[in-house]
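Next up, the structure:
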């Protein structure tokens, strides 16, 4: 087994903040399987103190640079920061494309920062194992804030970001209509909006447009609290402190209003669903030559529709799983 | 029940190519449920003749305009064309954002064309019901080619496009680095590559870059056949005929090489998996207050991890589903 360290000992070391144990635990989570599950179950009960902040935005919004600036500001305020950077990855190799986030720059070497890049897609397809659990690991390791950063265009990525207490959606001026349409799909999940590249002349217009869109869209979505729109410029270092303050204010609002418990529960339920989908996916991929044999044969004959085959698949896997 | 028409009669009318029956069947598929499933199972056995072409590309690639031009070319060749246009949609309302594809322009009114816009996300989240089945409906209705068009950045959208016999990935010159990274995730699924906006001066460079990238990436992915890269200009109407020819050539290659059966089977299996994930998702959403109650309570207490809750969920739903 990887590392060979018993789960209980590894978990203790993670919880005492030992950097190498955190790295090892994250690798174990990524590898998946029984051993990972045991350790993660232990860790899960020790997590729950960190403020988890999801950061997403359309491609080209300069999100990674912004996250680096934000971390620098949080470090200056004396906080310990964990970062889970979700990379788009190849559906064939499963590997992360961007690898170590060079854009995180100097902050990634800081002793109070732990950055981990993770591929969004596993070797068997679906969300990569350990992606959501990485947040628990950093949380249990005592990081005050855990940022989950992703290019938020895919559903997997949106699901990851929604497993955060506070979700920040980054827009940039002048990215074209097609992109705006995509963005509309993630507009409603934002607790804080950012318009990046605030030094561009079109930025003020983007802020105005966004506020107008939010004014129209949010009452329909049943949101009560006005969502702040913060203009930032990574190049000029402007708006970063305000953004950190807005993120803190959102957490304070959740706690003061009593919404915090409800949100955490919604996150747990979404994560459960996501994990269930993953189990099904992995079981199917792993056993498609074996126990799926008759489904495969009937599918090949064209006599069984995918919809009906799917119902049989769920029933069969369900009876074989011992929780 | 919607429409009230018995499944068998509706299916017969669809198979005879009756336009209103096709529209009604698509609405029934979108509504989902038992009645839809019955009709779709009947239809599924009548489908299998159409050449299904998936078209995807990054936002801003001008894909919709290109599809309209391509349809016009296929119509000129005497073919009947079905189009399923997958729209990004709001995770809250579930509604399609782009609505009727105005960019399809004049071809959408042609008697030998049937265009249907579908939302990518259902009201309960997950892929919208009927999205993949819409292809079967148009196939069974006798359309020679069925195009499935989507902005291919999300996993749901990629899954939809991969349910095609021939997958076309559209790139555009000068869309920036972040977008290229995303695109890398869909590069390998292409059977035909298009560089759109061929009238732009940077287009030749994009073609060269893409060919270089394919030369490096594809042997590693185990692909034997060189993937054509076609430069098109919708504005000038250039390259459209070549694109149609490349799509036809790919189908001919699949048939001649014997790969066609294997690919169809892979599609059926992927669709089964996708449908299984959807069943699980919908069951969870539908019953989270009822039969999930004890899971929810244990999750709320923080004693049960989402991973372990997920295993119980799959087991429970499995035993409750009667295929």
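Protein chains in written order, with this note's numbering: chain A, 5 to 327; chain B, 5 to 327. The C-beta atom is built at its ideal place from N, Cα and C for all residues, glycine as well.
Apart from the five residues on each side of it in sequence, which residues of its chain come closer than 7 Å, Cβ to Cβ, to residue 78 of chain B? Excluding positions up to five away in sequence, the list reads 85, 149, 248.
Minimum C-alpha distance to residue 168 of chain A - residue among A:270, A:80, A:321: Ranking A:270, A:80, A:321 by Cα distance to residue 168 of chain A puts A:270 first.
Find out if the Cβ-Cβ distance for the pair residue 49 of chain B, residue 306 of chain A is shorter than 8 Å. Yes, Cβ-Cβ distance for residue 49 of chain B and residue 306 of chain A is below 8 Å.
What is the rounded straight-line gap between the Cα of residue 81 of chain B and the Cα of residue 29 of chain B? If you take the alpha carbons of residue 81 of chain B and residue 29 of chain B, they lie about 28 Å apart.
With 7 Å as the C-beta to C-beta threshold (strictly closer), list the residues of the stretch 268-295 of chain A near chain B in chain order. The residues in question are 269, 272, 273, 275, 276, 277, 279, 280, 281, 283, 284, 285, 288, 292.
Interface flag, residue 111 of chain B vs chain A, CB-CB below 8 Å: Answer no: the Cβ-Cβ gap between residue 111 of chain B and chain A never drops below 8 Å.
Could one say the Cβ of residue 323 of chain B lies closer than 8 Å to chain A's Cβ atoms, at least one of them? It does: the Cβ of residue 323 of chain B has a partner Cβ on chain A nearer than 8 Å.
Who pairs with residue 242 of chain A in a beta bridge, going by DSSP? Beta-bridge partners assigned by DSSP to residue 242 of chain A: A:237.
Selection of the stretch 143-154 of chain B by Cβ proximity to chain A, strictly under 8 Å: Across the stretch 143-154 of chain B, no CB contact with chain A closer than 8 Å is found for any residue.
With a threshold of 8 Å between beta carbons, is residue 329 of chain B in contact with chain A? The question about residue 329 of chain B has no answer here: the residues shown for chain B are numbered 5 through 327.
Give the secondary structure of residue 116 of chain A by DSSP, where H, G and I count as helix, E and B as strand, and everything else as coil. Residue state, collapsed to three classes: coil.
May I ask you to report which of helix, strand or coil DSSP gives residue 27 of chain A? In the three-state reduction of the DSSP assignment, residue 27 of chain A falls in the helix class.
Please list the segments of the alpha helix (DSSP H) lying wholly inside the stretch 7-78 of chain A, counting only runs of 4 or more residues, in order along the chain. List check, alpha helix (DSSP H) in window: 11-19, 23-35, 37-48.
Does the Cβ of residue 276 of chain B have 16 or more other Cβ atoms within 10 Å, making it buried, or fewer, making it exposed? Per the 10 Å Cβ criterion, buried.
The stretch 17-25 of chain B / the stretch 303-320 of chain A touching (three or more Cβ pairs under 8 Å): Taking 8 Å as the limit for Cβ pairs, the verdict is that the stretch 303-320 of chain A does not touch the stretch 17-25 of chain B.
Is DSSP giving residue 86 of chain B helix, strand or coil here? The DSSP-derived three-state label of residue 86 of chain B is strand.
Contact with chain A by residue 319 of chain B, beta-carbon distance below 8 Å: True, the Cβ-Cβ gap to chain A drops below 8 Å.
Quick check: is the beta carbon of residue 218 of chain A nearer than 8 Å to any beta carbon in chain B? Cβ-Cβ to chain B under 8 Å: no for residue 218 of chain A.
Nearest to residue 141 of chain A (by Cα), restricted to the options A:40, A:262, A:237: Checked all of A:40, A:262, A:237; the closest Cα to residue 141 of chain A is A:40.
Counting only C-beta atoms, is residue 309 of chain B closer than 8 Å to chain A at any point? Interface residue, yes.
Residues of the stretch 39-50 of chain B with Cβ closer than 8 Å to any Cβ of chain A, in chain order: For the stretch 39-50 of chain B, residues whose beta-carbon sits nearer than 8 Å to a beta-carbon of chain A comprise 41, 44, 45, 48, 49.
Using CA coordinates, which residue listed in B:318, B:263, B:231 is at the minimum distance from residue 217 of chain B? Checking every option, the nearest Cα to that of residue 217 of chain B belongs to B:231.
When you compare the CB positions of residue 172 of chain B and residue 152 of chain B, do they come within less than 8 Å of one another, or not? Against a cut-off of 8 Å, the Cβ pair of residue 152 of chain B and residue 172 of chain B comes out as no contact.
Have a look at the DSSP bridge pairing and note the partners of residue 175 of chain A. The secondary-structure analysis by DSSP pairs residue 175 of chain A across a beta bridge with A:199.
Which of helix, strand or coil DSSP assigns to residue 307 of chain A: Of the three classes helix, strand and coil, the one that applies to residue 307 of chain A here is coil, per DSSP.
Counting only the same chain and skipping the five closest in sequence on each side, list residues whose C-beta sits under 6 Å from that of residue 145 of chain A. In chain order, 18, 21, 26 place their CB closer than 6 Å to the CB of residue 145 of chain A, counting only its own chain and leaving out the 5 sequence neighbours on each side.
Could you tell me how far apart the beta carbons of residue 75 of chain A and residue 62 of chain A are, in whole angstroms, since I believe they sit closer than 8 Å? Between residue 62 of chain A and residue 75 of chain A the Cβ distance is about 21 Å, and since that is not below 8 Å, they are no contact.
Quick one: which chain B residues come within Cβ less than 7 Å of residue 32 of chain A? Against chain B, a Cβ distance below 7 Å from residue 32 of chain A picks out nothing, because the smallest value is about 13 Å.
Using only CA atoms, which one of B:175, B:315, B:90, B:136 lies nearest to residue 204 of chain B? It is B:175 whose Cα lies nearest to the Cα of residue 204 of chain B.
For a contact meaning CB atoms closer than 8 Å, what does residue 262 of chain A contact in chain B? Near residue 262 of chain A there are no residues of chain B at all, since even the closest Cβ is about 14 Å away, more than 8 Å.
Helix, strand or coil at residue 124 of chain B [DSSP, three-state]: Collapsing the DSSP output to three states places residue 124 of chain B in coil.
For residue 255 of chain A, I'd like the list of residues in its chain whose CB is within less than 7 Å of its CB, leaving aside the five on either flank, ordered along the chain. Here the set comprises 55, 169, 170.
In or out: residue 43 of chain B buried (at least 16 other Cβ within 10 Å) or exposed? With 16 or more Cβ atoms within 10 Å of its Cβ, residue 43 of chain B is classed as buried.
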